[in-house]
Amino acid sequence: MKKIMPLAALALLTLTGCSVGKYEYSSEALKRVDMNFTGIPTVLGVGSLGTSIPITPEYSLTAAHVAKLSVQRVKAYHPYCDLAIIYHKNDIKTLPKFREGEIGAPVKMYGYSFITAMPVESSGVNLALTGIRNEWNKRPCVAMASNAGVVKGMSGGAVYNKDDTIGGVIVGFTNEIKRHKAGGPLKDVSLYIPYEDFKDWLQKTTS
46 MKKIMPLAAL ALLTLTGCSV GKYEYSSEAL KRVDMNFTGI PTVLGVGSLG TSIPITPEYS
106 LTAAHVAKLS VQRVKAYHPY CDLAIIYHKN DIKTLPKFRE GEIGAPVKMY GYSFITAMPV
166 ESSGVNLALT GIRNEWNKRP CVAMASNAGV VKGMSGGAVY NKDDTIGGVI VGFTNEIKRH
226 KAGGPLKDVS LYIPYEDFKD WLQKTTS
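Residues in the sequence shown are numbered consecutively from 46, following this note's numbering.
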């Protein structure tokens, strides 16, 4: 996927607010992701929280910056992307399936809102691949930019493809990605780590 898709310029995850795009309350999110507290939980999400994705009866997948402060123990961190696997007892009968997404393909995102502590979802399409560099993402990590909405707290949440496979893990959002050869900048985009970046690590760590 990375070889045939054009890369956008570097995204620095400069968060300039609490959210980008549109999102709404979702009962479906309750079935697909879990809330993970990363601080002392209080009413209406005042206190830090993140999201995780049940992947086996023993493990969940999440963002590394969520796992770092989570009450759950960490099994493994990804070597260069903002991802981690945590120990988590899950009532899961069918293991989720993963698949790489494509630019232009529709996606749905599921997670928990930091603002309301409620499950939320959003819809959009994949826009571009981009390098991503910050404390948690280092070379050669690549993220997918999407116009699906994201609010703080959704980090670690699931990105689903149209065929109900998981295409990646939400890691944040940025107000702008500048592109050198592909037109103007992309404004107010969500960012997730695509399955292509972590499939070998996931299989090795959970097998």
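C-beta atoms are modelled at their ideal positions from N, C-alpha and C, and glycine is treated no differently.
From a predicted model like this one, the values you see are computed outputs, not experimental measurements.
What separation, rounded to the nearest whole angstrom, lies between the Cα atoms of VAL2 and ASN135? Nothing in the structure corresponds to residue 2, since the chain is present only between 46 and 252.
Could you round the C-beta distance between TYR237 and ALA188 to whole angstroms and report it? I think they count as a contact, below 8 angstroms. 6 angstroms
Throw me the rounded Cβ distance for the GLY212 and VAL204 pair, which I believe falls under 8 angstroms. With 8 angstroms as the limit, GLY212 and VAL204 qualify as a contact, their Cβ atoms being about 5 angstroms apart.
Would the beta-carbon of THR250 fall within 7 angstroms of that of ILE130? THR250 is a Cβ neighbour of ILE130, given a cutoff of 7 angstroms.
Find out if the Cβ-Cβ distance for the pair THR210, ALA190 is shorter than 7 angstroms. no
Output needed for VAL196: all residues of its chain with C-beta closer than 7 angstroms, excluding positions within five of it in sequence on either side, in chain order. CYS63, SER64, TYR68, SER158, PHE159, ILE160 and VAL165
For GLU221, which beta-bridge partners are listed by DSSP? LYS232
Start-end ranges of the beta strand (DSSP E) lying completely within the segment 95–161, minimum 3 residues: Taken in chain order, the complete beta strand (DSSP E) segments of 3 or more residues contained in the segment 95–161 are 104–107, 119–122, 129–132 and 151–157.
Would DSSP call ASP208 helix, strand or coil? In this structure, ASP208 counts as coil in the three-state DSSP scheme.
Going by DSSP in three states, GLU166 sits in which element: helix, strand or coil? strand
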